[in-house]
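Going left to right, the sequence shown walks through residues 8 to 317 as my numbering numbers them.
From the three backbone atoms N, C-alpha and C, an ideal C-beta is built for every residue, glycine too.
Since the model is a prediction, treat every value here as computed from it, not as a measurement.
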Amino acid sequence: MKKLMVTGGLGFIGSYFVDMALKAGYYVINVDKKTYAARDDVDFHNRKHYEFIEADIRTMTHIPPGVDVLVNFAAESHVDNSIHANQEFYDSNIGGVYNLLELIRAKDETDQPLLLHISTDEVYGTAHEGSFTEEDKLLPSNPYSATKAAAEQLIFGWRHTHEIKAVICRSCNNYGFGQYPEKLLAKTIEFLLKGKKMTVHGDGTYRREWIYAEDNCEAILTVLEKGKEGEVYNISSNEEHSVIEAVKMIVEEMGIKEEDALVHIPNRPGQDLRYSVDTAKVRALGWGPKTSLREYIPIYIKLYKKYLGL
Ligand SMILES: NC(=O)c1ccc[n+]([C@@H]2O[C@H](COP(=O)([O-])OP(=O)(O)OC[C@H]3O[C@@H](n4cnc5c(N)ncnc54)[C@H](O)[C@@H]3O)[C@@H](O)[C@H]2O)c1
């Protein structure tokens with residue numbers, strides 16, 4: 008049985024991944040600091056082949072023996088927060104990865120896990136046209152994406168010099184039940200269900216690619232099982248919508264008039280106009296997305312209503 012150490016496994020995407028990895032027959036050691044973003048509605052404790060360690064990846068002192076792959080989801084993940092208070096982003100997203108690399112390096116060569124690091128399409132910055140391939144340069148535009156790009160650079164350097172084994176996944180915007188309601192779609196559903204108006208930065212015309220977290224985790228598992236060490240894999244459904252289009256899908260599904268649902272606020276500084284990544288490489292491993300945003304929205308609203316007891 009392969010042993011995984013998953014960091015940030017109580018977070019939004021990490022929790023989908025832990026569930027999927029356990030179902031796929033992996034042994035999972037979940038390491039999470041339980042920040043505000045950790046889910047309060049998941050509990051894997053009754054699952055077989057599961058251990059939990061409450062720890063900060065920045066200050067963790069060792070990696071248990073026999074870990075085959077360390078999947079690093081742990082990070083501060085909300086761009087807005089990174090604009091107002093960035094110390095935690097620096098500590099977890101850069102310092103945390105530095106510590107993991109050093110912990111791997113400190114181990115006997117025969118017991119060093121592969122580092123499968125979860126990064127983001129935001130590291131490329133705005134895609135004015137076409138889609139970025141894994142060979143394109145990193146040009147992050149906000150403090151969050153800068154810390155994610157910096158972490159990648161550390162990994163490249165440690166791999167080259169210290170022969171740390173690593174793979175990087177860069178995924179687009181994830182959606183799905185369990186996302187902390189500071190992020191766009193979760194916040195929209197929660198606000199509208201509670202009768203509040205949702206705030207949209209600027210005119211909302213900036214474009215993103217959207218992936219269901221479960222599809223993303225299937226892609227990550229595919230990379231883990233079939234990907235090549237030392238490679239970077241973009242992950243996206245390539246389903247592109249502007250922020251306002253995505254929000255309006257929810258407004259329409261709930262049958263609320265737009266003027267009663269949305270309020271525009273000044274755009275956030277550093278806003279990228281468009282993200283888009285080429286996914287030929289991960290699709291060549293046999294992966295493809297199964298869910299579309301439009302199909303998921305009614306399910307999402309239903310699950311959220313149940314969660315709020317409405
Ligand atoms: N959400 C997205 O759309 C998206 C898109 C692309 C990439 N990513 C990346 O995927 C990863 C997971 O994102 P998410 O949306 O699930 O995040 P999240 O904020 O929902 O969850 C992060 C989890 O990591 C934990 N954590 C944070 N700092 C930690 C630390 N120092 N030590 C241990 N645990 C820590 C938190 O307690 C939380 O459980 C992140 O690395 C993020 O950059 C997210």
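Unbroken stretches of the beta strand (DSSP E), 3 residues or longer, contained in the region 154-235: 173-178, 180-182, 205-208 and 214-219
Cα-Cα separation, Thr-14 to Val-38: 5 Å
Contact test: Phe-19 Cβ vs ligand 1 heavy atom, cutoff 7 Å: yes
Residues that Phe-139 bridges to, as DSSP identifies them: Val-284
Among Glu-116, Asn-149 and Thr-286, nearest to Lys-326 - alpha-carbon criterion: Since the first and last residues shown for the chain are 8 and 317, residue 326 lies out of range.
Anticipated Cβ contact below 8 Å, Ile-257 with Leu-192, distance rounded: 7 Å
Backbone CA spacing between Ala-253 and Trp-217 [nearest angstrom]: 9 Å
C-alpha distance - Lys-309 paired with Thr-212, whole-angstrom precision: 27 Å
At least three beta-carbon pairs within less than 8 Å, the region 84-102 to the region 164-171: no
Thr-14 CB to nearest heavy atom of ligand 3 below 7 Å: For ligand 3, the structure offers nothing, since it holds only ligand 1.
Contact test: Ile-64 Cβ vs ligand 1 heavy atom, cutoff 7 Å: yes
CB of Ile-196 within 8 Å of CB of Tyr-34, strictly: no
Three or more C-beta pairs below 8 Å linking the region 232-243 and the region 285-301: yes
Check whether Ser-126 and Cys-179 have beta carbons under 8 Å apart: no
Contact set for Asn-149: own chain, Cβ-Cβ below 7 Å, skip 5 residues either direction: Val-86, Ser-89, Ile-90 and Gly-277
Any non-hydrogen atom of ligand 1 within 7 Å of Thr-133 CB: no
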